[in-house]
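Below is one structure, written out as structure tokens; comments come after it.
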Amino acid sequence: MPPTLSDELGAYTTVNEVIVFPISTLSVMYFIYGFYVLLFGVCFYMMRRQGPDGEHLNASLYLWLATILFMLTTIFIVAYTMSQIYQTLVFFTAAKTGNYERLAQYLVRDVEKTALLSLKQIVSVLLNITAECMLIHRCYLIWDSKKRVDIPLIIASILSNGVGIVCAITVTIGSRNLANQSNYKIFLVGDITSGVYNISSAVVNGVLTLLTGNWADMSVSRIILESGIIYPICIVATQIVTNTATPDVMPFDFFPLTVLSAGIAPTLIMVRARLGKNVENLQDMLSDIRFTSQASPREVTVRSQAQVYSIGIKSLSREPAENGGSEEQIVNGKADREITV
1 MPPTLSDELG
11 AYTTVNEVIV
21 FPISTLSVMY
31 FIYGFYVLLF
41 GVCFYMMRRQ
51 GPDGEHLNAS
61 LYLWLATILF
71 MLTTIFIVAY
81 TMSQIYQTLV
91 FFTAAKTGNY
101 ERLAQYLVRD
111 VEKTALLSLK
121 QIVSVLLNIT
131 AECMLIHRCY
141 LIWDSKKRVD
151 IPLIIASILS
161 NGVGIVCAIT
171 VTIGSRNLAN
181 QSNYKIFLVG
191 DITSGVYNIS
201 SAVVNGVLTL
211 LTGNWADMSV
221 SRIILESGII
231 YPICIVATQI
241 VTNTATPDVM
251 PFDFFPLTVL
261 SAGIAPTLIM
271 VRARLGKNVE
281 NLQDMLSDIR
291 FTSQASPREV
301 TVRSQAQVYS
311 IGIKSLSREP
321 AENGGSEEQI
331 VNGKADREIT
341 V
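Counting in UniProt numbering, the sequence shown runs from 1 upward without gaps.
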């Protein structure tokens, strides 16, 4: 007896696929996004503060790039939420009614699914481009505008993100109608290209982080390495889990975490670097305050002693006048008092 449609599509209507997996994925995604909202708010407040002209220009550029990252991340969050809710409703309807025709249509050819998938893919590539622009510019400043360092990085970024754009296009074209054999082959090409793009993106971002961190001073280097390595680690972890774990074992979808880390990592670098600079300024201010507080008692003592001596001289000059003494008595009396002191 040939398998029925319910037998083939029954795996999509389990409790894990309909309830557990969507809730866990959205919960983790919005928890990380909530942290990102707070982080961006702190970054926006710090970068708005005025500084020297050169520093203010760089701060303005980084603020614009951080804002673009946050806007793109928000667009991705909205698109992914709509996609996840739409998919869950289709799965739940099939599980509740036992009618798998709509589920089969959703898996093979669905306009809404294709549009949301295309939007998510394009936004993830744009996020990666923006993050790499920020890191390349920082590397450009640290390496004193050396073209032999910057040009290879720019070329590598263009090639990597070019693969990402090709991946987004092929996945969009292929997912329009997976029942068509040619479209299905295009979709498989896009899936393979996605793996190549993720690996190349992790390599480029890792190299950018190392080049930027190793040539900065110790405190800044630690900040860049610790914060910048978040994105490559998330990419590698997502690739490992996606290609090794089965859908029943995966606790949630790791793809949103990778996209969120593309915006969090550069923003976290800016916030921690600015906080470190503020701490250094505060330490300088405290050292100045300690130096001033140590010098002040001496000044006060000298002034008080001068006032005591001046008062003593005036009192001595008044005593002979009142007692009818001569100038010689005044001098002798003053000398006796000074010796006594």
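Ideal Cβ positions, reconstructed from N, Cα and C, are used throughout, including at glycine.
- In its chain, beyond the 5 residues on either side, C43, M46, M47, Y62 and A66 have a beta carbon closer than 8 Å to the beta carbon of M270.
- DSSP places G10 within a helical segment (H, G or I) once states are collapsed to three.
- About 11 Å separates the Cβ atoms of A265 and I235, ruling out a contact at the 8 Å cut-off.
- Taking A202 as reference, the option from Y33, G228 and G174 with the minimal CA-CA separation is G228.
- Per the coordinates, the alpha-carbon of S157 lies some 12 Å from the alpha-carbon of M134.
- In this structure, M29 keeps its C-beta atom at 7 Å or more from the C-beta atom of P232.
- Under the three-state reduction of DSSP, P266 is assigned to helix.
- Minimum Cα-Cα distance from I77 among the listed residues Y140, R274, R272 and S261 corresponds to S261.
- Annotation for L119: A79 place their beta carbon closer than 7 Å to its own, counting only its chain and skipping 5 residues before and after.
- Residue environment analysis places R49 among the exposed positions, since fewer than 16 neighbouring C-beta atoms fall within 10 angstroms of its C-beta.
- DSSP places L38 inside the alpha helix (DSSP H), whose first and last residues are F21 to M47.
- An exposed status is given to G34, since fewer than 16 other beta-carbon atoms sit within 10 Å of its beta-carbon.
- Its chain contains M250 and F254 as the residues whose beta carbon lies nearer than 7 Å to that of V241, once the 5 sequence neighbours on both sides are disregarded; these appear in chain order.
- A Cβ-Cβ distance of about 16 Å is found for the pair A104 and V18, leaving them out of contact under the 8 Å criterion.
- F21 sits away from F40, with the two beta carbons spaced by 7 Å or more.
- The residue among T93, S175 and N180 with its C-alpha nearest the C-alpha of D191 is S175.
- The Cβ atoms of I186 and T170 lie closer than 7 Å to each other.
- A direct Cα-Cα distance of roughly 41 Å separates N128 from N99.
- Counting along the chain, A179 sits inside no alpha helix (DSSP H), nor does DSSP assign it H or E at all.
- Closest in C-alpha terms to A59, from the list L26, L141 and N161, comes L141.
- Inter-residue distance for Y106 and T246 is about 21 Å (C-alpha atoms, whole angstroms).
- Short of 6 Å from the beta carbon of F252, and not among the five residues preceding or following it, lie these beta carbons of its own chain, in chain order: S24, T25 and V28.
- Residue state for I151 is assigned as helix, using DSSP reduced to three classes.
- Taking C-beta atoms as the reference points, Y197 and G162 fail to come closer than 7 Å.
- Rounded to whole angstroms, the separation of the alpha carbons of T172 and A179 is 14 Å.
- With respect to the C-alpha of L225, the residue from A273, L188, Q181 and N243 having the closest C-alpha is A273.
- When C-alpha distances from N243 are compared across I199, Y86 and R222, the shortest belongs to I199.
- With a beta-carbon spacing of about 13 Å, I155 and L208 fall beyond the 8 Å limit used to define contacts.
- Scanning its chain for C-beta atoms nearer than 6 Å, with the 5 sequence neighbours on each side dropped, one finds around S194 the residues C167, in chain order.
- For E17, there is no enclosing alpha helix (DSSP H), as DSSP marks it with neither H nor E.
- Shortest Cα-Cα distance from L275 to any of I223, L72 and T258 involves I223.
- Y100: not part of any alpha helix (DSSP H); DSSP gives it neither H nor E.
- Each of L89, I75 and E101 was checked against the Cα of L126, and the nearest Cα belongs to I75.
- The beta carbon of L153 lies closer than 6 Å to those of I136 in the same chain, with the five residues before and after it left out.
- Between Y184 and the set K147, V108 and G206, the nearest pair of CA atoms involves V108.
- P251 sits in coil when the DSSP states are folded into three classes, being neither helix nor strand.
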